[in-house]
Structures are given as C-alpha cells and as structure tokens.
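Some notes on the structure that comes next.
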Amino acid sequence: SMWLIVLQHLAAVVVTDGLLLACGPRTRWSTARRELPVVGVWRGFQRAESPAAAAEDVVAVVGASGNVGTLVTVRFVEEGHKVRGIVRNEEGADRLRDRMVVEAAELPEVAVADVASASDVEALREALRDATVVVVCTGTTAFPTKAWAGGDVGVGEVASTVLSTWLDCGGNARDTVDALSARGMNTPDVVDAAGAERLAECLGPKLRRLLLVSSIGVTRRRSMPFAVLNACFVLDAKAQAEAVLAEAAERRGAAWTVVRPGQLFGPPYENNNYLGTIFRLDKSDDTRAVLVQPGDTALGDTLRSTLADVVVRAAASDATRNLDFSVVNVKGDAPSKAQLDTLLAEALLS
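Have a look at this one:
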C-alpha cells in the first residue's frame, strides 16, 4: 500500500510536468509519541450516541478549499457549528462556495489568508482571532508538481525551474529545495513547516482545541518505503509542523491532536495535482470500516470522507486530547458517528 503512494507520486511528477529530485532524507526533531499496542477497528455493530462538540464553538478550518478541508468544513457545518473556512486566495474561496452548494450545505464564513505568505500574517491572525477550534488541513505534494507553483514561478514553469535549480545546485537535494523555497514556491518547507510556524504565531486567545491533519510515516521517515516518500522532505516538514503546533497549543492551555491518514482516496477530486485525484482513485464499497491506532504505526489507505468524519469526531472527543493517532480504512461497513466515538475511545484510552 505504501509503495502505491510512492509510485503514484513518482508518476504524478510526469503527469503534471513536475520533476522528481533524486535526494535523501534529512533530520528534524518532533514531539514524543505515544506508541501503544492498541488497535481499534469498527466493523459495523451499533453503540449509543455520544454528545457532539459544543455548538457555540467557532471552528476555523485552515485549508478549507482543499479536497480534505472542504469535506471537514461541510461536516462541521452539518453539525451546526459556526464555521470559518480559511483559504489561500479568492479562487479557493469560490471553490469552497461551489462545493458547499453541491453538498447542499449552508455557506460558512470565508476568510482569505495564505499560511505560506509572510504578507498574510495579519489576515491570518484576524481569521483566527475568536476561533475556539482550529483544524489545519493545509499541505502540498510530496514531490514537485504544479502544486509547487508560487512566487515568480507559474504552473507551467515548475518542471523547468526545478530542473535548472537542481543543476545549479550540483544535484544537491537540500540546496535545491532551499533555493525553490527562497523563490516562494510552495514546497513542503514553505507550506507545511513555515506555514505551521505562521499559524502558531496567529492562534487566538480563545483556542481550546487544535487538530492537525498530518500523515502516516512521519516518525518512520528514515525507513522504507517512507524514506522514498520523504525524498523532498515532506515528512520532515510535517514533523516540524506537528511539534510547532502542539507546543503552541500547550502554551495557550489548549488541547492538540494529530490525525495521521494514509494515502488519500475518494472524492472530491478538485485539486488535480497527483495521480490519486487525476485518476479519481477510490476504495470499493466493502472497504469502509475504520482502523485507528495510537501513534504512527498503521499502514494503509484512507478515504477522504472517512478522514473528515474522524477529524470532526476527534474535535469533540476527550480520547484524542494531546496525542497523535493513525486512521486507515479496512474491509467492512462504514461506522456511524456514535460508532466512531466509541472506536476512538476504545482505541486511544485503553
């Protein structure tokens, strides 16, 4: 399954005019992990409903126009929360509004603030000023694709820019990514790592819960196959984001949660920057059950719809406070909200 992730990203480099850098991993620190030998799997039996998160919460979804962020926004709106979708630009705002119409959901408040841009700090701070729950769904592709376009580099210039920079840097991967980041391209360092630093500075005084959508493999990025996925340092950047945001939440007396999905499958497919969305990869109807494991131990794939459901339930769960966990889909039926609540509690509080 993880090799499929690697192959899809490698192929997307060609499909989207990107370029893979032949490079190796680097070292960055991350927060300590709870690695418990507990596995929770829900396969469809019923449990009683549990209470939802407080309706008076102001939920800010950062990266709300992305494929996952849009679903998370929809779910919180459906739960009756006041939701503010934070998007990179007006195009993202329009995409979010269009998706809400498709989902027949009420339109949330929309704020434009790019976590990757130093000039948007004040706009980001204003968007987060009264948020009690912040959900971070930002991220870029693991390898250079059109998603890396930024600064003075347009979508059609990504491949040539990456290649020329790599040659100028003598084939050194670290120097190449640093140079691309310096030009304002949306590398993992810029979007995931620096973006998290900017978010940490802008969190408001009312914050009580912070949730970050990260990735499986972050703590295993020195081993195969994750070392290949980390070739352009995406897992290093996510590790830094996890540490920075967890520390920022703790400084404010808020709880944090890191949710680690596997390779993402299923709709929506609006952001066509890698093969999973270009070819609309999905899971079969009999692979909808959910497996939850503490820490970064799971292997597998995750439906975007499942991830969105888990994020919303995690925001209301005491079981997910101040820890990280993995979530993937396995054979079986999709759980209900109440079943997800029970699954999180049984897997993470045991």
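Going by our numbering, the sequence shown runs without a break in its numbering and finishes at 1202. Heads up, the beta-carbon is just placed ideally off N, CA and C, and yes, glycines get one too.
Where the alpha helix (DSSP H) through residue i begins and ends
i	result
F995	Unbroken run through F995: none, as it is neither H nor E.
R927	919-930
T1028	1025-1034
E961	E961 -> not in any alpha helix (DSSP H); beta strand (DSSP E) instead, spanning 961-964.
V1007	Per DSSP, V1007 belongs to no alpha helix (DSSP H) and is neither H nor E.
R1073	No alpha helix (DSSP H) contains R1073, which DSSP labels as neither H nor E.
R1112	No alpha helix (DSSP H) holds R1112; the beta strand (DSSP E) holding it covers 1107-1113.
A1089	1086-1103
A1197	1189-1200
V1042	No alpha helix (DSSP H) holds V1042; DSSP gives it neither H nor E.
Cβ separation of residue i and residue j, assumed to be a contact under 8 Å, to the nearest whole Å
i	j	result
V964	V924	About 18 Å separates the two Cβ atoms, so there is no contact after all.
T1172	T1109	4 Å
V911	V935	5 Å
F928	V914	Contact flag wrong, Cβ pair sits at about 13 Å.
L976	R1050	6 Å
L1122	R981	For clarity, residue 1122 is Glu in the given sequence; the question names Leu instead. Their Cβ separation, rounded to whole angstroms, is 28 Å, which puts E1122 and R981 out of contact at 8 Å.
Own chain, CB closer than 8 Å to residue i, minus 5 neighbours either side, in chain order
i	result
N1038	A968, T992, A999, W1000, A1001, G1002
E1156	Per the sequence presented here, residue 1156 reads as Arg, with Glu not at that position. Answer for R1156: N919, V920, L923, L1116, F1117, G1118, P1119, P1120, listed in chain order.
V1162	V1111, V1142, V1144, V1179, L1192, L1196
Cα-Cα separation between residue i and residue j, rounded to whole angstroms
i	j	result
E1099	E1053	11 Å
L959	E930	11 Å
T984	L1151	32 Å
R949	D972	21 Å
D1138	G1006	41 Å
H861	E1094	Here the model assigns H861 a pLDDT of 49, short of 50, so the residue's position is not dependable and the matter cannot be decided.
S1067	P1113	5 Å
N1082	R1073	6 Å
A1101	K1058	11 Å
A945	F1085	29 Å
N1024	V926	42 Å
F1177	N941	31 Å
L1062	E974	20 Å
G1147	L1175	8 Å
T1194	G1056	31 Å
R1060	A1166	13 Å
V1065	P1077	20 Å
V893	D1185	The predicted model places V893 with a pLDDT of 49, which falls under 50 and marks its position as unreliable; any figure quoted below should be read in that light. The straight-line gap from Cα to Cα measures roughly 11 Å.
N1181	V954	25 Å
V1042	A1089	9 Å
S917	A970	20 Å
E1198	R1103	28 Å
Terminal residues of the beta strand (DSSP E) in which residue i lies
i	result
S1178	1175-1182
K934	934-939
L1155	1153-1155
R1061	1061-1065
A1141	1141-1146
Buried or exposed (CB count within 10 angstroms, at least 16 for buried), residue i
i	result
A1091	buried
A1034	exposed
D1004	exposed
D1044	buried
A1106	buried
L1200	buried
S1169	buried
L1032	buried
G1069	buried
A884	Confidence in A884 is poor, its pLDDT being 34 and thus under 50, which makes the residue's placement too unreliable to answer from.
D1020	exposed
P877	With a pLDDT of 34 at P877, under the threshold of 50, the modelled position of this residue cannot be trusted, and the question is left open.
S1016	exposed
Close-in-space but distant-in-sequence residues of the same chain around residue i (CB under 6 Å, 5 per side omitted)
i	result
E961	R936
T1013	V1005
D909	H933, T984, V985
G1047	V967, A968, T990
L1087	G1069, V1070, R1073
V1096	A1048, E1049, A1052
R951	T922
E1009	none
G1036	G1002, G1003
Same chain, Cβ closer than 7 Å to residue i, five either side skipped, listed in chain order
i	result
K1183	D1138, T1139, A1141
A957	V926, V929, E930
P1040	T992, C1084, F1085, V1086, A1089
A994	H861, L1081, C1084, V1086
Proximity test, residue i beta-carbon vs the ligand SAH heavy atom, cut-off 8 Å
i	result
S1188	You won't find the ligand SAH in this model; it holds no ligand whatsoever.
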